Amino acid sequence: ALAAPLRAALRTLDPGLPVDALQPMRQMMAESVATQRFYATLVAIFAGLALVMAAAGLYALISYGVVRRTHELGVRIALGADAGQVLRLVLGRGAVLALLGIVLGAGGAIATTRVLKSFLFEITATDPVTFVGAALGLVVVALIASYLPARRATRVDPMVALRTE
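This note's numbering numbers the first residue of the sequence shown as 10 and each following residue consecutively.
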């Protein structure tokens with residue numbers, strides 16, 4: 010709507026001035042970062058998929074451990090272990106695996122910071138808030154992934170468990 014009068018006004022000031030496309034600043038800014046936004050979205054999607062796969066793997070590993078330890082858990086319950094103790098035992102295994110993964114992952118992340126430094130925006134390559142936030146997020150995901158097998162372990166019938174093996 011205002012493009013024609015603006016072009017006419019600019020031509021009266023300087024007839025040789027090229028006036029190509031008039032567009033809002035917001036649109037120009039959005040177009041200037043569109044590629045970076047696309048890549049950031051792509052990285053976020055792959056990171057989310059990796060997190061889901063890690064949670065599924067941890068769930069499978071803890072479930073397998075519960076099945077393998079059914080006899081032991083049955084003995085513990087028969088000897089008086091309450092559901093909270095069994096839950097803590099299984100969740101502790103998941104937490105140990107998660108902490109091991111966090112330590113190894115943080116080591117790998119710190120080792121690759123020089124390569125990643127050029128891709129980061131408004132954070133340093135070794136930003137402690139980012140590392141702590143990622144670690145806490147992974148601990149939460151690991152505890153959630155470990156909770157279902159842990160809850161199943163608390164429901165082990167000692168008589169059935171003692172007959173297995």
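The beta carbon of each residue, even a glycine, is placed where N, CA and C say it ideally should be. All figures in this text were calculated on a predicted structure; none of them were measured in a lab.
> Hey, which unbroken runs of the beta strand (DSSP E) at 3 residues or more fall wholly within the stretch 83-122?
Replying inline: none
> Taking Cβ positions, are GLY176 and PRO167 nearer each other than 8 Å?
Replying inline: Since the first residue of the chain shown is 10 and the last is 174, residue 176 is not available in this structure.
> If we ignore side chains and look at the alpha-carbon of each, how far apart do ARG77 and LEU109 end up?
Replying inline: 22 Å
> Which residue from SER41, ALA92, PRO14 puts its Cα closest to that of VAL28?
Replying inline: PRO14
> Would you call the CB atoms of ILE71 and VAL99 closer than 8 Å?
Replying inline: yes
>> Quick test of your reading: ALA90 and VAL148, contact by CB under 8 Å. State the CB separation rounded to the nearest angstrom.
In response: Not quite, the Cβ-Cβ distance comes to about 25 Å (not below 8 Å), so this is no contact.
> When we look at the beta-carbon of VAL75 and count the other beta-carbons within 10 Å, is it buried (16 or more) or exposed?
Replying inline: buried
> How long is the line joining the alpha carbons of ILE86 and ARG46, rounded to whole angstroms?
Replying inline: 53 Å
> Rounded to the nearest angstrom, how far is the Cβ of ALA104 from that of ALA63, given a contact under 8 Å?
Replying inline: That pair is no contact at about 14 Å.
>> Restricting to Cα atoms, I'd like to know which of ALA69, ILE119, ALA143 is closest to ALA156.
In response: Here residue 156 turns out to be Tyr, not Ala, going by the sequence shown. Comparing Cα-Cα distances from TYR156 to each of ALA69, ILE119, ALA143, the minimum goes to ALA69.
> With DSSP run on the structure shown, which of helix, strand or coil describes THR50?
Replying inline: helix
> Among residues of its own chain, excluding the 5 on either side of LEU171, which ones have a beta-carbon nearer than 6 Å to its beta-carbon?
Replying inline: GLY83
>> Closest to VAL112 by C-alpha separation, out of LEU145, GLU40, LYS126, THR44, would be which residue?
In response: For VAL112, the closest of LEU145, GLU40, LYS126, THR44 by C-alpha to C-alpha distance is LEU145.
> ARG97: which of ALA162, GLY116, ALA43, ALA39 sits nearest, CA to CA?
Replying inline: ALA162
>> Please state whether the Cβ-Cβ distance between THR173 and THR79 is less than 8 Å.
In response: yes
> Leaving out five residues before and five after VAL138 in sequence, what residues of the same chain have Cβ atoms less than 7 Å from its Cβ?
Replying inline: none
>> So for ARG164, helix, strand or coil by DSSP?
In response: coil
> Apart from the five residues on each side of it in sequence, which residues of its chain come closer than 8 Å, Cβ to Cβ, to SER127?
Replying inline: none
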